[in-house]
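In UniProt numbering, the protein residues as written are 1 to 75.
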């Protein structure tokens, strides 16, 4: 797998997008692939770098900032 930035500042990941089922502390690969997309930013997240997700919402987050942004109650 190859991860690179493009002219828009977005990362590009070579390979197919995976579909996962998120559980507490783990995830199950439902459809094989090398990355998932952040639910907040749309940025690709290589599976080996995936650390943040919501079990209740079944979505992945690029980093802690995106996770907090999406999980915080509206003001």
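We put the beta carbon where it would ideally sit given N, CA and C, even for glycine.
- [ ] Tell me the start and end of each unbroken beta strand (DSSP E) in the stretch 5–63 that is at least 3 residues and wholly inside, in chain order.
- [x] 11–13, 19–23, 26–31, 35–37, 44–46, 52–54, 59–61
Task: Residue of 28, 37, 71 minimising C-alpha distance to residue 56 - done: 71
- [ ] Would you kindly work out how many angstroms separate the C-alpha atoms of residue 52 and residue 34, rounded to a whole number?
- [x] 16 Å
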